[in-house]
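Visitor:
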Amino acid sequence: MDADITLTVDGQVRQVRVDTRTTLLDALRDRMGVTAPKKGCDHGQCGSCTVLLNGRRATTCLALAVAHDGAEITTAEGLADGDGAPHPVQRAFLDHDAFQCGYCTPGQICSAVGMLDEARAGHPSAVTTDLVGPVELTDAEIRERMSGNLCRCGAYVNIVAAIQEAAR
Amino acid sequence: MNPFEYRRATDVAEAVAAVAERPDAVFLGGGTNLVDHLKLGVTRPGRLVDITRLPLDRVEPLPGGGVRVGANVRNSDLAAEPVIRSRYPVLAQALLSGASGQLRNLATTGGNLLQRTRCVYFQDITTPCNKRMPGSGCAALDGYTRHHAVLGASPQCVAVHPSDMAVALAALDAVVRTHGPAGQRAIPLVEFHRLPGAQPERDTVLDHGELITAVDLPAVPATRRSAYRKVRDRASYAFALVSVAAEVELRDGEISQARIAFGGLAHKPWRAQRAEQVLRGAPATAATFQRAAEAELVGAQPLADNAFKVPLARNTLVSVLTELTELTGATEPTQEDTP
Ligand SMILES: Cc1cc2nc3c(=O)[nH]c(=O)nc-3n(C[C@H](O)[C@H](O)[C@H](O)COP(=O)(O)OP(=O)(O)OC[C@H]3O[C@@H](n4cnc5c(N)ncnc54)[C@H](O)[C@@H]3O)c2cc1C
Ligand code: SF4
Ligand code: FES
Ligand code: FES
Numbered sequence: 001m002d003a004d005i006t007l008t009v010d011g012q013v014r015q016v017r018v019d020t021r022t023t024l025l026d027a028l029r030d031r032m033g034v035t036a037p038k039k040g041c042d043h044g045q046c047g048s049c050t051v052l053l054n055g056r057r058a059t060t061c062l063a064l065a066v067a068h069d070g071a072e073i074t075t076a077e078g079l080a081d082g083d084g085a086p087h088p089v090q091r092a093f094l095d096h097d098a099f100q101c102g103y104c105t106p107g108q109i110c111s112a113v114g115m116l117d118e119a120r121a122g123h124p125s126a127v128t129t130d131l132v133g134p135v136e137l138t139d140a141e142i143r144e145r146m147s148g149n150l151c152r153c154g155a156y157v158n159i160v161a162a163i164q165e166a167a168r
Numbered sequence: 001m002n003p004f005e006y007r008r009a010t011d012v013a014e015a016v017a018a019v020a021e022r023p024d025a026v027f028l029g030g031g032t033n034l035v036d037h038l039k040l041g042v043t044r045p046g047r048l049v050d051i052t053r054l055p056l057d058r059v060e061p062l063p064g065g066g067v068r069v070g071a072n073v074r075n076s077d078l079a080a081e082p083v084i085r086s087r088y089p090v091l092a093q094a095l096l097s098g099a100s101g102q103l104r105n106l107a108t109t110g111g112n113l114l115q116r117t118r119c120v121y122f123q124d125i126t127t128p129c130n131k132r133m134p135g136s137g138c139a140a141l142d143g144y145t146r147h148h149a150v151l152g153a154s155p156q157c158v159a160v161h162p163s164d165m166a167v168a169l170a171a172l173d174a175v176v177r178t179h180g181p182a183g184q185r186a187i188p189l190v191e192f193h194r195l196p197g198a199q200p201e202r203d204t205v206l207d208h209g210e211l212i213t214a215v216d217l218p219a220v221p222a223t224r225r226s227a228y229r230k231v232r233d234r235a236s237y238a239f240a241l242v243s244v245a246a247e248v249e250l251r252d253g254e255i256s257q258a259r260i261a262f263g264g265l266a267h268k269p270w271r272a273q274r275a276e277q278v279l280r281g282a283p284a285t286a287a288t289f290q291r292a293a294e295a296e297l298v299g300a301q302p303l304a305d306n307a308f309k310v311p312l313a314r315n316t317l318v319s320v321l322t323e324l325t326e327l328t329g330a331t332e333p334t335q336e337d338t339p
């Protein structure tokens, strides 16, 4: 069964017809040619499909495209500013060599951008001792908050360093 | 995945009718469990009724000091809510220990309660499973049972309920509000999930077409301390082997009130009433905590691979209670104890 939906992807308003079974990830990659979000596990377990959905980080492999009709999506590709200069989180990933093969990277970057907003808003994590106090982004905090993004190359040490820098 | 019709509900009654009228219709929340099951073939509905645009996304104060959590409130938003962080830390901690940041932004309160077991045989449609296909058998019984139940299981099913949030809600005496074809009801959380018995296909007491609209949290006195502790195979982003939600109040070094629930041990969040009985009125000492844990776990029936869960549950409970009562010290109650 088909449905016509509208998505704003990296600033562009786009209409697309999808089967109701299509996930947001497949709609982006296969129907719209937006390949920044990657398919790793397709079951919500690896984070490589993470985008900013209406400004918040979200996996796209377990979201149905039709259910997100009207949504605004920013992928890692859309994070750069108008002149094409990389986003501070992207810059920090480059400076800290925070990847090897790069497959998990677009998801890591979107997740980091969303996570930094959450921390700035004072949202606690599972390792925060004072649930009502301000958040101090220690390495332990960053690891916990980024635990939904797996990296098969094990670039974690540099990912944490890159996010530390972007947080400053 | 079988084809299905997609409907977007605009009001509660319409959503209920759209599911009630078709035996193969289901509600769609954030989709983080349902869509996984569609892909795996665990369930094959013919109609999905999307309830995420219903106005059930608010956290509101209730008269008398409680809090009403709309069914569509996202797990991340609930954990970040100031009143939850300050008055219901056990719930904030349970939510934050579940899944990942990007999943919690999608997952809803209603969907979290109704997420299904992570039993690998339930998720693998090539193996027998009484929960997925009633009468087909239980592959776990002769399989790998590290993650399965030690309390309240049946010969038909030894699965555990995976939700962290629900364990905290069980300790909090939360109430699930529903709207179904037969009207509205309020179901105490501890009676909401079922033990498997001879009908493991039924996780909860909900009827077909019955929509969760909200979860009500009773008021908590300011002197109550609560915490959630989750033990798992890795530091983060894994389901619980064992978890404990605990709330205590102290009066002159004695435990005046205790509410305890275990996760990872049973087919439902396990409210530990035997442990609570031992705790109430007893001195807040390590010996009391040991006795309480043992009173609850004496009936445990471990399977081939999960005997470790019994001492793990005991030690986790003792540790959480020690931490909570050291924190509270001998604080005098300063406020009326509202139920
Ligand atoms: C990789 C991964 C790791 C996870 N780790 C954890 C963890 O550590 N701890 C944990 O607790 N959870 C964990 N989860 C599970 C997650 O919390 C659930 O998938 C989520 O809470 C389900 O919410 P949802 O809104 O996405 O539900 P959906 O998938 O949309 O729905 C789930 C079920 O609930 C029904 N439903 C939804 N809303 C309602 C309603 N209002 N009324 C009636 N029926 C309704 C649906 O019909 C469906 O049967 C994990 C999930 C993934 C994918
Ligand atoms: S334990 Fe329950 S869910 Fe797992 S295979 Fe047996 S019947 Fe199915
Ligand atoms: S592809 Fe979505 S989480 Fe792995
Ligand atoms: S850089 Fe290769 S998976 Fe992360």
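These protein sequences, in sequence, are chains Y and H.
What the first sequence shows, in UniProt numbering, is residues 1 to 168, in sequence order.
What the second sequence shows, in UniProt numbering, is residues 1 to 339, in sequence order.
All C-beta atoms in this analysis are idealised placements derived from N, C-alpha and C, irrespective of residue type, glycine included.
#1: Could you name the residues of the same chain whose beta carbon sits closer than 7 Å to that of Arg91 of chain Y, not counting the 5 residues immediately before and after it, in chain order?
#2: For Arg85 of chain H and chain Y, any beta-carbon pair shorter than 8 Å?
#3: What ranges does the beta strand (DSSP E) occupy inside the segment 208-238 of chain H, keeping only unbroken runs of at least 3 residues that lie completely in it?
#4: With DSSP collapsed to three states, give me the class of Cys110 of chain Y.
#5: So does Cys153 of chain Y have its beta carbon nearer than 7 Å to some heavy atom of ligand 4?
#6: Can you look up Asp83 of chain Y in the DSSP assignment and give me helix, strand or coil?
#7: Quick one: measure Cβ to Cβ for Gly110 of chain H and Ala71 of chain H, integer angstroms, because I've assumed they're closer than 8 Å.
#8: With a threshold of 7 Å, establish whether the CB of Phe239 of chain H neighbours any heavy atom of ligand 1.
#9: Report the three-state DSSP secondary structure of Phe4 of chain H (helix, strand or coil).
#10: Going along the chain, which unbroken runs of the beta strand (DSSP E) with 3 or more residues stay wholly within the UniProt domain "2Fe-2S ferredoxin-type" (3-79) of chain Y?
#11: Quick check: the segment 163-170 of chain H against the segment 180-200 of chain H, are there 3 or more CB pairs under 8 Å?
#12: With a threshold of 8 Å between beta-carbons, can Val157 of chain Y be considered close to chain H, or not?
#13: Within 8 Å (strictly less), CB to CB, does Gly44 of chain Y reach chain H?
#14: Does Ser226 of chain H pass the burial test, meaning 16 or more other C-beta atoms within 10 Å, or should it be called exposed?
#15: Output needed in chain order: residues of the segment 95-107 of chain H with a Cβ under 8 Å from some Cβ in chain Y.
#16: Classify Arg259 of chain H: buried if its beta carbon has 16 or more other beta carbons within 10 angstroms, exposed otherwise.
#17: According to the neighbour-count rule (16 or more other Cβ atoms, all chains shown, within 10 Å of its Cβ), is Val13 of chain Y buried or exposed?
#18: Starting from Met133 of chain H, find everything on chain Y with Cβ-Cβ shorter than 9 Å and list it in chain order.
#19: Have a look at the DSSP bridge pairing and note the partners of Gln115 of chain H.
#20: Hey, quick one: how far does the beta strand (DSSP E) through Pro134 of chain H stretch, first residue to last?
#21: Quick one: is the Cβ of Gln100 of chain Y within less than 7 Å of any heavy atom of ligand 4?
#22: Tell me whether Thr50 of chain Y counts as near ligand 4, meaning its Cβ is closer than 7 Å to at least one heavy atom of that ligand.
#23: My output table needs one value for Ser154 of chain H: the three-state DSSP class, helix, strand or coil.
#24: Using the Cβ count rule (16 or more neighbours within 10 Å means buried), how would you classify Val132 of chain Y?
#25: Go through the segment 17-83 of chain H residue by residue and report every complete run of the beta strand (DSSP E) that reaches 3 residues or more, in order.
#26: Any Cβ of chain H within less than 8 Å of the Cβ of Ala67 of chain Y?
#27: DSSP three-state call for Thr285 of chain H: helix, strand or coil?
#28: Does the beta carbon of Glu326 of chain H sit closer than 8 Å to a beta carbon anywhere in chain Y?
#29: Give the DSSP-derived three-state secondary structure of Ile187 of chain H in the structure shown.
#30: Can you confirm whether the segment 202-219 of chain H touches the segment 287-301 of chain H when touching is taken to mean that 3 or more C-beta pairs between the two stretches lie within less than 8 Å?
#31: Can you give me the C-alpha to C-alpha distance between Glu332 of chain H and Trp270 of chain H, rounded to a whole angstrom?
Guide: Per the coordinate set shown:
#1: The answer is none, since no qualifying residue turns up.
#2: Flagged as an interface residue toward chain Y: Arg85 of chain H, by a C-beta distance shorter than 8 Å.
#3: The qualifying runs are 211-217, 225-231.
#4: DSSP places Cys110 of chain Y in helix when its eight states are reduced to three.
#5: Within the cutoff, so yes.
#6: Secondary structure of Asp83 of chain Y (DSSP, three-state): coil.
#7: That belief holds up - the Cβ atoms of Gly110 of chain H and Ala71 of chain H are roughly 4 Å apart, short of 8 Å.
#8: Under cutoff, so the answer is yes.
#9: Note: Phe4 of chain H maps to coil in three-state DSSP.
#10: DSSP runs (the beta strand (DSSP E)) wholly in the UniProt domain "2Fe-2S ferredoxin-type" (3-79) of chain Y: 12-19, 51-53, 56-58, 72-74.
#11: Three or more Cβ pairs closer than 8 Å define a contact, and the segment 163-170 of chain H meets that threshold against the segment 180-200 of chain H.
#12: Contact with chain H is absent for Val157 of chain Y, since none of that chain's Cβ atoms lies less than 8 Å from the residue's Cβ.
#13: Cβ-Cβ to chain H under 8 Å: yes for Gly44 of chain Y.
#14: Buried, by the Cβ-count rule.
#15: So the close ones are Leu96, Ser97, Ala99, Ser100, Gly101, Gln102, Leu103, Asn105, Leu106.
#16: Under this definition Arg259 of chain H is a buried residue.
#17: It is exposed - the Cβ of Val13 of chain Y has fewer than 16 other Cβ atoms within 10 Å.
#18: Simply none; closest approach about 21 Å.
#19: The partner list for Gln115 of chain H (beta bridge, DSSP) is empty, contrary to what the question assumes.
#20: Where Pro134 of chain H is concerned, there is no enclosing beta strand (DSSP E), given that its DSSP letter is neither H nor E.
#21: At least one heavy atom of ligand 4 is nearer than 7 Å to the Cβ of Gln100 of chain Y, so yes.
#22: No, the beta carbon of Thr50 of chain Y sits no closer than 7 Å to any heavy atom of ligand 4.
#23: Here DSSP, grouped into helix, strand and coil, assigns Ser154 of chain H to strand.
#24: Val132 of chain Y is exposed by the Cβ-count criterion.
#25: Those beta strand (DSSP E) runs which fall completely within the segment 17-83 of chain H and span 3+ residues are 25-28, 47-50, 59-61, 67-70.
#26: Residue contact with chain H for Ala67 of chain Y: present (Cβ-Cβ distance below 8 Å to some residue of chain H).
#27: Of the three classes helix, strand and coil, the one that applies to Thr285 of chain H here is coil, per DSSP.
#28: Interface flag for Glu326 of chain H against chain Y is unset, since no Cβ pair is found closer than 8 Å.
#29: Reduced to three states, the DSSP call for Ile187 of chain H is strand.
#30: With a cut-off of 8 Å, the segment 202-219 of chain H and the segment 287-301 of chain H do not count as touching, because too few Cβ pairs lie within range.
#31: With a pLDDT of 42 at Glu332 of chain H, under the threshold of 50, the modelled position of that residue is not reliable, and the figure given next carries that caveat. Each residue's alpha carbon lies about 30 Å from the other.
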